[in-house]
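Residue numbers (our numbering), protein chains in the order written: chain A, 536 to 908; chain B, 536 to 908. Since the structure comes first, as C-alpha cells, the remarks are kept for the end.
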C-alpha cells in the first residue's frame, strides 16, 4: 500500500537484461539513427500490432507533427478534433500551422461524435484527428464514411490504445494513419517515445524522411523533415518492455473487474463502455460522476482520495477549449450544450496499474461509499 | 588503426558508472518529465557554459523549433540563414511556417556574411538564424548590429560550438537565443539531445512551456507547446559525459596541430581560420581544397581516403539550396557568384576525434601528398 498512489506507474524491464543489452551499445558506439535495437523494436511492434508500417519516434507529439505533415494538408486548413484529449493533440495541429476545430464527444464513448464532426466541416477542412480516448475506440465506420464522403484525411491519436484490436484487426491500421505514444505513463513505454502506424507499407518511406530531415542519401535531401529519431537505449527499454505488456494488461483487467464490482452498485457513477469485438488496451479507467444522482461531485471525490494519498486525475480537465491559446473557441455540437462541457466536470481516472493493491482498492471503495473522507 | 574510420566517434561514459546511476531510475521509476538527473544536468550545463538559462531538449532540431517559436515571429515571415549547414537549420524554419532566405557566407569564416544578410533583409524579415559552422564563430558584433538596427531576432545554431568562449564569454549568451545539439556526433552528447540557452533567466519559463505542452499546472495550459523533454537515461549519459569533454577536446587540439603541421605546406589546401579570443569547441576540422592550385579535387581526395577505409565528409554538400524543397531558391550575395557555391565543392571534414591514431594521420598525409590513392 505505498502512498502516494498515482494513476499510472510504468512497467520496468529487468535491470540485468537492460544492462546486458546496453553493453552492446557501449561496444558498438551506435547510439541512434536507426541502430540495430531500433530496427528490432520496429519489426517487433509491426508484428505485435499487425500493421504494415510501424515507424518509431522520439515521442508521440513529434510523431503527431509528422503524421500531420505526411499528407501535405494545405497551410491554414482546418483539422477537426476533440477537446477531450491531452494538450498534444491540439498543439500538434496548431504548431504545424493548421487550425484546430473542436467538435463535441459522444456521451456513450466520450470519443468524437460523428454527427458533430459532420456539422463542423467547412470548405477549409482538410482532416479529422480523432482520439481513442482512455482506450475507448472511436466510431471507426462512421468517421471513415465521413472522411471518405468529404475527401478528408482521417488520423487517429492512438496514444491510449496500444495493442487494441477490433474484431481481430489491429487498431493501428484504421484511417490514414495512427499515432501512438510510448511515454512513461503509457501501458507500453520507451521512457519517452512514439510511433506512426499505417496499413500501407508504401507509407514507410514518407515517414522515414519526415523523421530524419528528408535525407535520402549523402547526396539527396528530398523533403522537409525534422528529427524524430529514438535512440538505442530507449529501443532496448522497448524491446524488454514489450513481453511484459500482456501480464500488466491481465492485472489491469482484474483491477477493472474489481472496480466495476463495487462501482456498478453506485447510482450516479458511470463506467467506461463495453465495446463488443474490441480487445481493450487497459490504458485508463475513467468514471463519470453525476453529482445530481450520486450526491457528491467529482472534485469532492478527487479531494477525498487525495487526503489519503491517492492521486486520481481529472483527465481531461481542463479541456482544450479551456487552454489560454484556444479559450473562447466554439465546440461544434448537435446538442443544446456541448456534452464535453458537462463531462469535463465529471470525469475521473482512478489509479490503474499493477501496483494498485487490494488495500488501495478497499480504501477507494470506502471513499466512494462515504466511509472515509 | 581501426577501419572504417569516420569523421566523428562519440565519447562514452564509463559503463559501470552509468549502470550505478541508472539503478536509481529503476528504483524511483521517474523516467522523464524533468526528473532529478535532468535537473542536475541542466544546472551543470548552465554552469559549464556560463549561461543564465539552459533548457534541455530531446534533440537539437526540436530545440530549434522551440527557439523559433519563442519570439512569436509572424507566420510566413522571413528568416535569413546560411545554406552551408545541416538540413535541420533550414527545415526548422520551414516546419514552423516561416520562410528561409539564404544568404552567402564569408570566404574567411564560412559563416553568414553580414553584408549578404543586410542585402537579404526585406520588410518581411523577422529573424536571423546564424550558424557557428564547424566550430568557427560568426561575426557576432556585425550580426548583432544588423539585428538591432532592423529590429530582428538573432538566433544562433550553436550545434558545433559546445563550450566555446569569446573573450571569456560563453557563446550561448550571444544573440537572443542559442541552440545546441547533443547528438551522438557532437563533442558533448546525450545520445540524442539538445538545448536552448540565453543570457536572460526570464526566458526559462517561456522555453519550459514550449518544451512541455504549455502546461503551467494541473489546471492551466498557457501556450502552444510540444514535447521536447529529455528522458532520465539520456540525462545520466550527459552527466557522465560532461567531465570527459575536456580530455577529448585536448586530444582533438593535438590532432588539429598535427593535421595543420603537414597541410600548411600544401598549396591549395585552406585551413580553418584562427579566431583571436575564441576558445574553440574542436567539433570539426574542415579544409578547403582549391583544385586549381592543389591539382586534385576535393572529391578525388574523398575517394582516395575512402579506398583506404577513411570516411571523410563533404560537409556541407549538398547545401540547403540543393535540397529538393529549396532547389532554385536564390542565395543572396554581394559577390558575382555566391561563395558558398564554390566552397561546397571544396570543403572536406577530416576524421576528428580521440580515436584517430598516428597511423591514420600518416595514411591521410600520404593521400594528400599523392603517395597513396
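The beta-carbon is built from N, C-alpha and C at its ideal position, and this holds for glycine as well. It should be emphasised that the depicted structure is a prediction, and the values quoted were computed from it without experimental measurement.
Taking Cβ to Cβ, would you say residue i is nearer than 7 Å to residue j?
i, j, result
"residue 639 (chain A)", "residue 852 (chain A)", "no"
"residue 612 (chain A)", "residue 654 (chain A)", "no"
"residue 719 (chain A)", "residue 545 (chain A)", "yes"
"residue 540 (chain B)", "residue 886 (chain B)", "yes"
"residue 614 (chain B)", "residue 664 (chain B)", "yes"
"residue 733 (chain B)", "residue 624 (chain B)", "no"
"residue 662 (chain B)", "residue 678 (chain B)", "no"
"residue 607 (chain B)", "residue 775 (chain B)", "no"
"residue 869 (chain B)", "residue 651 (chain B)", "yes"
"residue 572 (chain A)", "residue 753 (chain A)", "no"
"residue 708 (chain A)", "residue 813 (chain A)", "no"
"residue 805 (chain B)", "residue 823 (chain B)", "yes"
"residue 595 (chain A)", "residue 694 (chain A)", "yes"
"residue 642 (chain A)", "residue 866 (chain A)", "no"
"residue 647 (chain A)", "residue 627 (chain A)", "no"
"residue 538 (chain B)", "residue 844 (chain B)", "yes"
"residue 771 (chain B)", "residue 590 (chain B)", "no"
"residue 550 (chain A)", "residue 561 (chain B)", "yes"
With DSSP run on the structure shown, which of helix, strand or coil describes residue i?
i, result
"residue 716 (chain A)", "strand"
"residue 616 (chain A)", "strand"
"residue 819 (chain B)", "coil"
"residue 570 (chain B)", "coil"
"residue 577 (chain B)", "helix"
"residue 551 (chain B)", "helix"
"residue 487 (chain B)", "The structure shown does not extend to residue 487 (chain B), since chain B is modelled only from 536 to 908, so the question has no answer here."
"residue 556 (chain B)", "helix"
"residue 776 (chain B)", "helix"
"residue 683 (chain A)", "helix"
"residue 795 (chain B)", "helix"
"residue 882 (chain A)", "strand"
"residue 649 (chain B)", "helix"
"residue 608 (chain B)", "coil"
"residue 837 (chain A)", "helix"
"residue 540 (chain A)", "strand"
"residue 809 (chain A)", "coil"
"residue 627 (chain A)", "helix"
Does residue i get closer than 7 Å to chain B when you measure Cβ to Cβ?
i, result
"residue 870 (chain A)", "no"
"residue 622 (chain A)", "yes"
"residue 756 (chain A)", "yes"
"residue 567 (chain A)", "yes"
"residue 564 (chain A)", "yes"
"residue 626 (chain A)", "yes"
"residue 776 (chain A)", "no"
"residue 859 (chain A)", "yes"
"residue 712 (chain A)", "no"
"residue 596 (chain A)", "yes"
"residue 629 (chain A)", "yes"
Any beta carbon of chain A sitting closer than 7 Å to that of residue i?
i, result
"residue 744 (chain B)", "no"
"residue 761 (chain B)", "yes"
"residue 748 (chain B)", "yes"
"residue 702 (chain B)", "no"
"residue 632 (chain B)", "yes"
"residue 766 (chain B)", "yes"
"residue 593 (chain B)", "yes"
"residue 722 (chain B)", "no"
"residue 545 (chain B)", "yes"
Taking C-alpha atoms, which residue in the options lies nearest to residue i?
i, options, result
"residue 543 (chain B)", "B:839, B:723, B:860", "B:723"
"residue 672 (chain B)", "B:890, B:836, B:815", "B:815"
"residue 892 (chain B)", "B:798, B:790, B:820", "B:790"
"residue 721 (chain A)", "A:675, A:871, A:811, A:669", "A:669"
"residue 548 (chain B)", "B:780, B:636, B:675, B:801", "B:780"
"residue 787 (chain A)", "A:888, A:569, A:810", "A:888"
"residue 840 (chain A)", "A:810, A:905, A:877, A:826", "A:905"
"residue 634 (chain A)", "A:609, A:819, A:773, A:685", "A:609"
"residue 748 (chain A)", "B:735, B:858, B:764", "B:858"
"residue 680 (chain B)", "B:649, B:715, B:861", "B:649"
"residue 714 (chain A)", "A:751, A:763, A:750", "A:763"
"residue 496 (chain A)", "A:581, A:566, A:567", "The structure shown does not extend to residue 496 (chain A), since chain A is modelled only from 536 through 908, so no value can be given for it."
query = Would you call the stretch 827-837 of chain A and the stretch 880-888 of chain A touching, i.e. three or more CB-CB distances under 8 Å?
reply = yes
message = So, does the stretch 593-604 of chain B touch the stretch 722-737 of chain B, judging by three or more C-beta pairs under 8 Å?
response = yes
query = Counting pairs of Cβ atoms below 8 Å between the stretch 735-747 of chain A and the stretch 755-769 of chain A, do you hit three or more?
reply = yes
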